[in-house]
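Asks:
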């Protein structure tokens with residue numbers, strides 16, 4: 001059994017040891033058991049559908065030689081890159097925006113108005129990463145097993161709050177998650193309040209913030225439909241969040257060439273994006289049933305929004321240049337890939 005034993009502090013070591021005991025008891029037939037520390041709840045739709053779905057594909061692709069076992073969070077979401085790098089867990093999901101200083105290039109997939117679906121943006125990100133970003137090695141220290149984006153993100157507001165014009169929006173305090181959500185919130189004139197996704201319900205229900213920028217399925221998966229009253233939607237989204245599935249490098253290196261190839265085949269951007277799009281679609285009836293009013297941004301709003309976000313695109317191109325990437329070419333390539341996929 002191939003299991004990493006490089007743990008951090010005593011608390012992490014204890015939790016990981018408990019996990020190891022459970023792994024040994026339930027997976028004796030597997031040649032390799034990979035431990036997945038997940039900061040989302042076990043019943044969360046992303047856990048049940050996207051992450052556990054991936055784990056099942058891995059087991060099938062490797063003919064049960066590799067199994068993935070989930071256990072609870074070893075820390076807060078922004079710390080999971082280092083927890084994986086240091087071997088406290090073999091696998092983790094990271095939200096790139098939570099550690100923006102590491103992930104600048106992946107932000108191309110988060111730029112406003114560029115994709116209607118998670119599938120289109122996810123595949124375009126994977127292709128653009130392979131063609132332009134790989135040499136910059138933003139995931140140094142871990143194995144990038146797969147990455148994807150959410151569907152389009154829109155502005156969701158508590159009952160009694162209004163946000164259909166820039167004047168309205170300027171009066172709101174909105175939860176942001178870092179990265180592109182911060183940049184877009186600034187150009188919208190919003191007052192920002194940072195909180196990781198699992199803390200959004202608490203933040204909004206206590207009135208600490210007036211709303212949130214979120215993709216569609218997050219409204220139901222984080223139980224927000226009971227307190228949200230309306231949304232402002234824009235075609236292609238205010239932005240998208242990008243995420244990655246990462247593996248401890250030692251754990252990856254310990255796999256056979258056959259199993260590495262099998263895991264890579266089970267980790268396509270399309271498979272992740274299609275799950276996210278399905279969850280978005282399945283959330284719509286519950287959102288409508290909750291009486292949440294959806295207001296489409298009008299032409300005047302969109303025209304002003306496009307003016308305001310132009311500097312964000314230029315800033316990304318400049319940041320890409322610092323990392324040795326031709327940002328103009330990479331962005332043009334990303335946009336073309338989205339068009340091909342979503343046509």
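Numbering (the numbering used here), first residue to last: 1 to 343. The beta-carbon is built from N, C-alpha and C at its ideal position, and this holds for glycine as well.
1) How big is the Cα-Cα spacing for residue 336 and residue 206?
2) First and last residue of the alpha helix (DSSP H) that includes residue 135?
3) Alpha helix (DSSP H) containing residue 273: first to last residue?
4) Would you call the stretch 240-257 and the stretch 135-147 in contact, with 3 or more CB pairs under 8 Å?
5) Assuming the contact rule is C-beta atoms closer than 8 Å, residue 187 and residue 317 should be a hit. Round their C-beta distance to whole Å, please.
6) Measuring CB to CB, does residue 58 end up less than 7 Å from residue 341?
7) Between residue 53 and residue 88, what straight-line distance do the alpha-carbon atoms span, to the nearest angstrom?
8) Alpha carbon to alpha carbon, how far is residue 344 from residue 45?
9) First and last residue of the beta strand (DSSP E) that includes residue 191?
10) So, is residue 72 buried or exposed, given that buried needs 16 or more other C-beta atoms within 10 angstroms?
11) Bridge partners for residue 35 per DSSP, in chain order?
12) Measure the beta-carbon distance from residue 104 to residue 319 and round it to whole angstroms, keeping in mind my assumption that it falls under 8 Å.
13) Count the other CB atoms, across all protein chains shown, that sit within 10 Å of the CB of residue 269; report buried if there are 16 or more and exposed otherwise.
Replies: Quick answer:
1) 43 Å
2) Run containing residue 135: none; DSSP gives neither H nor E here.
3) 269-289
4) yes
5) 17 Å between Cβ atoms; not a contact.
6) no
7) 23 Å
8) Because residue 344 is not part of the residues shown, which for the chain are 1 to 343, the question remains open.
9) 191-194
10) exposed
11) 69
12) 5 Å
13) buried
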